[in-house]
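Asks: Sharing a structure below in structure tokens format, with a few things to ask.
Residue numbers (this note's numbering): 66 to 675.
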């Protein structure tokens, strides 16, 4: 029944779109707003039907059969919806239309919603032709279902993909506003203000989604790091970088009526980047823990959609360039600094894009396998990060149009930062961390002073400084963790009571090893006691064996104080011995705290703008 209803609503939504584009709907409903709502509602129903199918374990649906297990916890049954390619595309369609419904309350322009509906219908057609989740199962070899990938059976997977998708698809609204502006030649401030508001909403969800994904990989995969330059991590970062540039560029467009064509293009290419990321994951062209095994037809349809969006962007630029004057402004002005900010963010996005697709390009055209890893990204980002950090510290206080130097304390701040960096280098003998202190100290000084001064009066301006402060803290924490963490591989015999020293102040003791049975998996839990400077930390890493696949996954054991963390994973378990990897992560919790601060600062700017 669910299969029939799902297909009925998918095809009915396509039929309704045809009625809308041919204006035949006027013979049924005279209000375009009401009919647009009907289209959006028809398009979101299939998602709820698939959720129902997973919730009741309807194994007659092949998508449920392949991605769910009857004994999975109910929450993971529901989240299995976006654990597959078909379900994640249906989630994409669902969120496009949810955005459409919300946006319709703020803007009822028929032409703008035509674009949203058209893009939604492209994905619905793609789903129906190549990835229909509403198909009957033709096999009955596993009566209880094949199960969700065990590494996705994590509480963070419940919210990470939908949150990231909300960020990706949130860029659709700036995209359609931008194309509407270029088509109608209506360059009103109101449309640019709307674009800024929706860009910030997308920015909020992108940031939250990336942070949740980073923490999921850190806590679930057991690799010991918070960012691996995995291709799918990279392609989530590209829209974030472009959207960050867009938000800063729009300030100039709204305030001084400049950089308008620049802002419009950032909005267009930001959404194209998010669709391109979807193409890479779903086309099976990249190897990643996130990628899906798919057939070439799916990749072909997605590249057609990307090609269409790209051609639309090029055509709009060619037809509209003559309506924009050349922007000119003083070198020392907020406009100039924000433009430099944009250039560095776009350069960062291009750096990630090239590093991600070059191995594909090399293999496709030169039959040569090339691997681009962390050294390339770290070197490139270090070059771009320094000027971005300095701009964050000093740009917010620069005046619009022309800056007048009055009571300028910038030189004193730079001098103090240099001295502070030298002090840290003297005591820690680490150039990278000392240099990061020199770069970020102006952010801390400026942000601290400005937050104390403006927060009670101007929360929107304060949110900017809070965001910049959080970036500074993030950089300090990331570099300190990378430079000063240490790890050790240790082994315990079962029932061993001896102590193993990690360093002169830290020792580890095996407490016990337990076998615990859960509803859909067995857990082998190792309990460790870590003693450091009189404090005891309990670590409980485990290996989980899932049904019905028998797949084994690692679960990280962590123990925290305020800023630092011990991190343990099980390497192997033998008949009489357990082998473990233990890592000490100094300041890692400051990294997560600063990420939360950044998310909160964006949230403040969104609710204030609203």
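Every residue, glycine too, gets a C-beta built ideally from N, C-alpha and C.
Could you tell me the distance, in whole angstroms, from the CA atom of residue 664 to the CA atom of residue 545?
Replies: Indexing the chain shown from 1 puts residue 664 at position 599. Indexing the chain shown from 1 puts residue 545 at position 480. So the alpha carbons of these two residues sit roughly 22 Å apart.
Asks: Is the stretch 230–250 in contact with the stretch 630–641, if contact means three or more CB pairs nearer than 8 Å?
Replies: Contact fails: fewer than three Cβ-Cβ distances are below 8 Å.
Asks: Can you list, in chain order, the residues of its chain with a C-beta nearer than 6 Å to that of residue 249? Leave out the 5 residues immediately preceding and following it.
Replies: Stepping through the chain shown from its first residue, residue 249 is reached at position 184. Same-chain partners within the cutoff: there are none.
Asks: Excluding the 5 residues flanking residue 575 on each side, which residues of the same chain have their C-beta closer than 7 Å to its C-beta?
Replies: Counted from its first residue, the chain shown places residue 575 at position 510. So the qualifying residues of the chain are 557, 561, 593.
Asks: Specify whether the stretch 251–264 and the stretch 182–200 touch according to this definition: at least 3 beta carbon pairs, one from each stretch, less than 8 Å apart.
Replies: Flag = no, the stretch 251–264 and the stretch 182–200 do not touch.
Asks: What number of angstroms, rounded off, separates the C-alpha of residue 579 from the C-alpha of residue 610?
Replies: To locate residue 579, count along the chain shown from 1; it is residue 514. To locate residue 610, count along the chain shown from 1; it is residue 545. Those two C-alpha atoms are separated by around 14 Å.
Asks: CA-CA distance, residue 83 and residue 171?
Replies: The residue you call residue 83 lines up with position 18 of the chain shown. The residue you call residue 171 lines up with position 106 of the chain shown. Cα-Cα distance, rounded: 24 Å.
Asks: Going by alpha carbons, who is nearest to residue 329 out of 502, 382, 108?
Replies: Along the chain shown, one-based indexing puts residue 329 at 264. Among 502, 382, 108, the Cα nearest to that of residue 329 is on 382.
Asks: Determine, using beta carbons only, whether residue 94 and residue 78 come nearer to each other than 8 Å.
Replies: As a working note, residue 94 is residue 29 in the chain shown. As a working note, residue 78 is residue 13 in the chain shown. No, the Cβ-Cβ distance between residue 94 and residue 78 is not below 8 Å.
Asks: The beta strand (DSSP E) with residue 647 in it runs from where to where?
Replies: Locating residue 647 in the chain shown gives position 582, where the first residue counts as 1. Segment 642–650, the beta strand (DSSP E) holding residue 647.
Asks: Based on DSSP bridge pairs, tell me the residues matched to residue 165.
Replies: Residue mapping note: residue 165 aligns to position 100 of the chain shown, counting from 1. The partner list for residue 165 (beta bridge, DSSP) is empty, contrary to what the question assumes.
Asks: By Cβ distance below 8 Å, which residues in the same chain neighbour residue 315 in space, the five residues on each side in sequence not counted?
Replies: In the chain shown, counting from the first residue as 1, residue 315 sits at position 250. Within the same chain, residue 315 has close Cβ partners 257, 260, 261, 264, 328.
Asks: Does the beta-carbon distance from residue 275 to residue 421 come in below 8 Å?
Replies: Within the chain shown, numbered from 1, the residue matching residue 275 stands at position 210. Within the chain shown, numbered from 1, the residue matching residue 421 stands at position 356. Going by C-beta atoms, residue 275 is not nearer than 8 Å to residue 421.
Asks: For residue 629 and residue 652, which I take to be in contact (beta-carbon distance under 8 Å), what is that distance rounded to the nearest angstrom?
Replies: Translated into positions along the chain shown, residue 629 becomes position 564. Translated into positions along the chain shown, residue 652 becomes position 587. Going by Cβ atoms, the distance from residue 629 to residue 652 rounds to 7 Å, so yes, they are a contact pair.
Asks: So, helix, strand or coil for residue 629, using DSSP?
Replies: The count along the chain shown starts at 1 and reaches residue 629 at position 564. The answer is coil: DSSP assigns residue 629 none of H, G, I, E or B.
Asks: Label residue 436 either buried or exposed according to how many other C-beta atoms from any shown protein chain fall within 10 Å of its C-beta, with 16 as the threshold for buried.
Replies: Taking the first residue of the chain shown as 1, we reach residue 436 at position 371. Exposed, because fewer than 16 other Cβ atoms sit within 10 Å of the Cβ of residue 436.
Asks: Applying the 10 Å Cβ sphere with the 16-neighbour rule, what's the burial state of residue 142?
Replies: Within the chain shown, the letter at position 77 stands for residue 142. With 16 or more Cβ atoms within 10 Å of its Cβ, residue 142 is classed as buried.
Asks: Which complete alpha helix (DSSP H) runs does the stretch 208–253 hold, if anything under 4 residues is left out?
Replies: 220–235, 237–249, all fully within the stretch 208–253.
Asks: Apart from the five residues just before and just after residue 460, which ones in its own chain have a Cβ nearer than 6 Å to its Cβ?
Replies: The residue labelled residue 460 in the question sits at position 395 within the chain shown. Contacts found: 402.
Asks: If you count every other CB in all the chains shown that lies within 10 Å of the CB of residue 308, and 16 or more means buried, which is it?
Replies: Here residue 308 corresponds to residue number 243 of the chain shown, with the count starting at 1. Counting Cβ neighbours within 10 Å, residue 308 comes out buried, since at least 16 surround it.
Asks: Would you list, in sequence order, the uninterrupted alpha helix (DSSP H) runs of no fewer than 4 residues that lie entirely inside the stretch 260–333?
Replies: Taking only runs of at least 4 residues, the alpha helix (DSSP H) segments lying wholly in the stretch 260–333 are 296–321.
Asks: On the DSSP letters alone, give me the boundaries of the alpha helix (DSSP H) that residue 570 sits inside.
Replies: Here residue 570 refers to the residue found at position 505 of the chain shown. Element bounds for residue 570: n/a, residue is neither H nor E.
Asks: Distance, Cα to Cα, residue 97 vs residue 87?
Replies: Residue numbering aside, residue 97 sits at position 32 when the chain shown is read from its first letter. Residue numbering aside, residue 87 sits at position 22 when the chain shown is read from its first letter. Each residue's Cα considered, the two are about 12 Å apart.
Asks: Just verifying my parser: in three-state terms, what is the DSSP assignment at residue 601?
Replies: In the chain shown, the residue the question calls residue 601 occupies position 536. Three-state result, residue 601: strand.
Asks: Taking DSSP as the reference, what is the three-state secondary structure of residue 397?
Replies: Numbered from its first residue, the chain shown carries residue 397 at position 332. The answer is coil: DSSP assigns residue 397 none of H, G, I, E or B.
Asks: Roughly how far, in whole angstroms, is the beta-carbon of residue 102 from the beta-carbon of residue 169, given that I think they are within contact range, below 8 Å?
Replies: Translated into the one-based positions of the chain shown, residue 102 becomes position 37. Translated into the one-based positions of the chain shown, residue 169 becomes position 104. Right, their Cβ atoms sit about 7 Å apart.
Asks: Which residues in the same chain as residue 375 place their Cβ atom closer than 7 Å to its Cβ, once the five residues preceding and following it in sequence are excluded?
Replies: By 1-based counting over the chain shown, the position of residue 375 is 310. 337, listed in sequence order.
Asks: For residue 222, count neighbouring Cβ atoms within 10 angstroms of its own Cβ and tell me buried if that reaches 16, exposed if not.
Replies: Counting from one through the chain shown, the residue named residue 222 turns up at place 157. Buried: at least 16 other Cβ atoms inside 10 Å.
Asks: Return helix, strand or coil for residue 438, following the three-state DSSP convention.
Replies: On the chain shown, residue 438 is found 373 positions in, with the first residue counted as 1. Here residue 438 sits in coil by DSSP.
Asks: Within a Cβ cutoff of 7 Å, which residues of the same chain sit near residue 85, ignoring the five residues on either side of it in sequence?
Replies: The residue you call residue 85 lines up with position 20 of the chain shown. These residues qualify, in order along the chain: 100, 104, 182.
Asks: Helix or strand or just coil, what does DSSP make of residue 654?
Replies: The sequence position of residue 654 within the chain shown is 589, counting from 1. In this structure, residue 654 counts as helix in the three-state DSSP scheme.
Asks: In this structure, does DSSP put residue 134 in helix, strand or coil?
Replies: If you number the chain shown from 1, residue 134 lands on position 69. In this structure, residue 134 counts as coil in the three-state DSSP scheme.
Asks: With DSSP as the reference, please indicate the residues paired to residue 622 in a beta bridge.
Replies: Numbered from 1 along the chain shown, position 557 holds the residue referred to as residue 622. In DSSP, residue 622 forms a bridge with 633.
Asks: With the cut-off set at 8 Å, would you say residue 598 and residue 134 are in Cβ contact?
Replies: Taking the chain shown and counting its residues from 1, one reaches residue 598 at position 533. Taking the chain shown and counting its residues from 1, one reaches residue 134 at position 69. No.
Asks: What is the C-beta distance between residue 464 and residue 399, in whole angstroms, given that I count them as a contact (C-beta under 8 Å)?
Replies: Residue numbering aside, residue 464 sits at position 399 when the chain shown is read from its first letter. Residue numbering aside, residue 399 sits at position 334 when the chain shown is read from its first letter. That pair is a contact at about 6 Å.
Asks: According to DSSP, simplified to helix, strand and coil, what is residue 446?
Replies: Counting from 1 along the chain shown, the entry for residue 446 is found at position 381. Looking at residue 446 - three-state DSSP - the assignment turns out to be helix.
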